[in-house]
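Visitor: The structure follows.
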Amino acid sequence: MTNKKPYDYLIVGSGLYGAVFAHEAKKKNKKCLVVDKRNHLGGNVYCENIEGINVHKYGAHIFHTNDKFIWDYVNSFVPFNRYTNSPLANYKGELYNLPFNMNTFYQLWGVRTPQEAKAIIDEQTKKHRVKKPGNLEEQALSLVGEDIYHKLIKGYTEKQWGRKATKLPAFIIKRLPLRFSFDNNYFNDSYQGIPIGGYNKLIDGLLNNIEYRVGVDYFKEKDNLHRLADNIVYTGKIDEFYDYCHGELEYRSLRFDHQILNQSNYQGNAVVNYTDSDTSFTRILEHKHFEFGMQKNTVITKEYPLEASNKNEPYYPINDTKNSNLYNEYKKMALQDNIIFGGRLAEYKYYDMHQVIGAALAKTKKLFQNQ
Ligand code: FAD
Ligand code: UDP
1 MTNKKPYDYL IVGSGLYGAV FAHEAKKKNK KCLVVDKRNH LGGNVYCENI
51 EGINVHKYGA HIFHTNDKFI WDYVNSFVPF NRYTNSPLAN YKGELYNLPF
101 NMNTFYQLWG VRTPQEAKAI IDEQTKKHRV KKPGNLEEQA LSLVGEDIYH
151 KLIKGYTEKQ WGRKATKLPA FIIKRLPLRF SFDNNYFNDS YQGIPIGGYN
201 KLIDGLLNNI EYRVGVDYFK EKDNLHRLAD NIVYTGKIDE FYDYCHGELE
251 YRSLRFDHQI LNQSNYQGNA VVNYTDSDTS FTRILEHKHF EFGMQKNTVI
301 TKEYPLEASN KNEPYYPIND TKNSNLYNEY KKMALQDNII FGGRLAEYKY
351 YDMHQVIGAA LAKTKKLFQN Q
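My numbering applies: residue 1 is where the sequence shown begins, and numbers increase by one.
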């Protein structure tokens, strides 16, 4: 007599990694149970409808990718709109366009041509040029020079990460484009948008007809949950999974202050960054603009950065040398275990949504290649 467990896979975490994994496994006739310790599905892309507006409860989420397959994949669950992210920076009351482009250079220096802008940036970067920038400050100064660094990068970066820019990895600032055209698109990718009707539609589509339980913490119910499936997909913190045996990985967290305002348009844009060091929040989101909403009222969110602890959520891995070395210790353990670790927390990677989806699709493709 076989005593087969009721599910093929137990999936810990209902964010994009868990949801895509479950969807692809189901297509191969695998029975999955998804559990999440939060009281809703979707992980950090979850939206709550307030005043008829899809409020991004865990910060602004703008989908972008260069991969047509991934774009078509997400659009097969819900059509995406044509939203283009063009945040503004507010530095002590002065407004600048982002990312760094001809509009920004005009606002900073009054220059009207790429040649004039390049001449200023060349002048400001020449003494900072190094072969291989060793940290975020060196990288930024060598790319964009002093004015942009001091007005638009240093203050924002140091409050966002709670660390000196000289202690942060250089790659973080390379997320932002630098271009010599009048183009305020924050991303260089070919495809970009927001799911029409919000991200919950994407998650609902992925998890259609898949069993789930919310409000279930894997660590509190481990023994019971292990009775349900032999195969585990884990998308929570990898250091927590191993009971912090090598020490705690550092994460940056955020406190979200959501407010309903009795006015139709607060800031005229979905995202405004506050790049000075005195303002304690990093950005204000106005959610209706993600979907061109015309509601009577508006909902805004201020994002206040803070260090992650057991009282708040780990949102950003801090991929500096110390934490990367520590992560490698956990990764060695993970390679010995018969468990699938995936997503931003389990892989300790500053993944965007399309990258998490890509990673889950690659994993399931490999796993089920002969089925
Ligand atoms: P998550 O969404 O974090 O899901 C993990 C899930 O696991 C969570 O729901 C958690 O509750 C659950 N879990 C953890 N531990 C346990 C446990 N012990 N038991 C049960 N459940 C558990 N990406 C973009 O492409 N564009 C953007 O504009 C963008 N903006 C972002 C803004 C912010 C503020 C943040 C934090 C991220 C942003 N991202 C953005 C990144 C994006 O959120 C992630 O790439 C993606 O959502 C990660 O999916 P995931 O499944 O790996 O993790
Ligand atoms: N950044 C900055 N000024 C800005 C916006 C971003 O210095 O106005 C830097 C900052 O270090 C930030 C990084 O660029 O952490 C990446 O920005 P992004 O908007 O991609 O951050 P996320 O949306 O992931 O929080």
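Where a beta carbon is used, it is the ideal one built from N, C-alpha and C, also for glycine.
Can you check which of these residues, L361, L335, P314, is closest to K349 by C-alpha distance?
Guide: Checking every option, the nearest Cα to that of K349 belongs to P314.
Visitor: With which residues is G193 paired in a DSSP beta bridge?
Guide: Beta-bridge pairing links G193 to F63.
Visitor: Please report the straight-line C-alpha distance between I339 and K154, rounded to a whole angstrom.
Guide: Cα-Cα distance, rounded: 40 Å.
Visitor: If the criterion is Cβ atoms closer than 8 Å, does the pair G59 and S14 meet it?
Guide: Not in contact: G59 and S14 (Cβ atoms no closer than 8 Å).
Visitor: Apply the 10 Å Cβ neighbour rule to M102 and answer buried if 16 or more other Cβ atoms are within range, or exposed otherwise.
Guide: The residue is buried, with at least 16 neighbouring Cβ atoms inside 10 Å.
Visitor: Looking at the ligand FAD, does it come within less than 7 Å of H61, judged from the CB to the closest heavy atom?
Guide: Answer for H61: yes, Cβ within range of the ligand FAD.
Visitor: With a 10 Å radius around its C-beta and 16 neighbouring C-beta atoms as the bar for buried, classify K288 as buried or exposed.
Guide: Buried, since its Cβ has 16 or more Cβ neighbours within 10 Å.
Visitor: When every heavy atom of the ligand UDP is checked, does at least one fall within less than 7 Å of the C-beta of H275?
Guide: Per the sequence presented here, residue 275 reads as Thr, with His not at that position. Yes, the ligand UDP has a heavy atom inside 7 Å of this Cβ.
Visitor: Can you give me the start and stop residues for the beta strand (DSSP E) that E307 sits inside?
Guide: Start and end: 298-307.
Visitor: Check F100 in the structure and name its three-state DSSP category.
Guide: DSSP places F100 in strand when its eight states are reduced to three.
Visitor: What first and last residue would you give for the beta strand (DSSP E) that runs through Y234?
Guide: Start and end: 229-234.
Visitor: Could you tell me whether the segment 50-64 touches the segment 183-195, where touching means 3 or more Cβ pairs closer than 8 Å?
Guide: Output reads yes: the segment 183-195 touches the segment 50-64.
Visitor: Does the separation of the CB atoms of V172 and G145 fall below 8 Å?
Guide: Val is not the amino acid found at residue 172; the sequence shown has Ile there. No, the Cβ-Cβ distance between I172 and G145 is not below 8 Å.
Visitor: Measuring alpha carbon to alpha carbon, tell me which of K174, T279, N54 ends up nearest E303.
Guide: With distances taken between Cα atoms, E303 lies closest to T279.
Visitor: Taking the alpha carbon of K68 as the reference point, which residue from G358, L367, K366 has its own alpha carbon closest?
Guide: Nearest C-alpha to K68: G358.
Visitor: Sorry if obvious, but does the Cβ on M353 come closer than 7 Å to a heavy atom of the ligand FAD?
Guide: It does: the Cβ of M353 is within 7 Å (strictly closer) of some heavy atom of the ligand FAD.
Visitor: What residue does the beta strand (DSSP E) around D41 start on, and which one ends it?
Guide: For the sequence presented, residue 41 should be read as Leu rather than Asp. No beta strand (DSSP E) holds L41; DSSP gives it neither H nor E.
Visitor: Starting from E381, trace the beta strand (DSSP E) both ways and give me its first and last residue.
Guide: There is no way to answer for residue 381, as the model of the chain reaches only from 1 to 371.
Visitor: Indicate the three-state DSSP secondary structure (helix, strand or coil) for N185 in the structure shown.
Guide: Three-state result, N185: coil.
Visitor: Q139: buried (16+ other C-beta within 10 angstroms of its C-beta) or exposed?
Guide: Buried, because 16 or more other Cβ atoms sit within 10 Å of the Cβ of Q139.
Visitor: Taking just the CA atoms, how far does K159 sit from K220?
Guide: Cα to Cα, the separation comes out at about 34 Å.
Visitor: Could you check what DSSP says for I318 in three-state terms: helix, strand or coil?
Guide: Three-state DSSP puts I318 in coil, outside helix and strand.
Visitor: Considering only DSSP beta bridges, list what Y212 is partnered with.
Guide: Y212 is bridged to V34.
Visitor: Specify the secondary structure class of F256 as computed by DSSP and reduced to three states.
Guide: Note: F256 maps to strand in three-state DSSP.
Visitor: Give a yes or no on whether the C-beta atoms belonging to D100 and L168 are separated by under 8 Å.
Guide: Just to set this straight, residue 100 is Phe in the shown sequence, not Asp. Not closer than 8 Å, so no.
Visitor: Got a sec: is the Cβ-Cβ distance from Y96 to anything in chain D below 8 Å?
Guide: The chain labelled as chain D is not found in the depicted structure, where only one protein chain is given.
Visitor: Can you find the residues in the same chain that come closer than 6 Å, C-beta to C-beta, to L141, ignoring five residues on each side of it along the sequence?
Guide: Excluding sequence neighbours, L141 sits near H128, Y149.
Visitor: Between K331, D8, V130, which lies nearest to C245 when the distance is taken from Cα to Cα?
Guide: Here the closest residue by C-alpha is K331.
Visitor: Among N273, E307, S277, I210, whose alpha-carbon lies nearest the alpha-carbon of L249?
Guide: It is E307 whose Cα lies nearest to the Cα of L249.
Visitor: For H23, report the span of its alpha helix (DSSP H) as first-last.
Guide: Start and end: 16-27.
Visitor: Under 8 Å between the Cβ atoms of A22 and L326?
Guide: Cβ atoms of A22 and L326: not closer than 8 Å.
Visitor: From the DSSP secondary-structure annotation, give me the bridge partner or partners of R283.
Guide: For R283, which the question treats as bridged, DSSP gives the partners N273, E303.
Visitor: Determine the closest residue to N231 out of A25, V20, E240, with distance taken between C-alpha atoms.
Guide: Of A25, V20, E240, the residue nearest in Cα terms is A25.
Visitor: Taking 8 Å as the cut-off, decide whether the C-beta atoms of P195 and F292 are in contact.
Guide: No, these two residues do not count as a Cβ contact at 8 Å.
Visitor: For the beta strand (DSSP E) containing L10, name the first residue and the last one.
Guide: Its beta strand (DSSP E) spans residues 7-12.
Visitor: Check for me: the alpha helix (DSSP H) holding A117 runs from which residue to which?
Guide: First-last of the alpha helix (DSSP H) with A117: 114-125.
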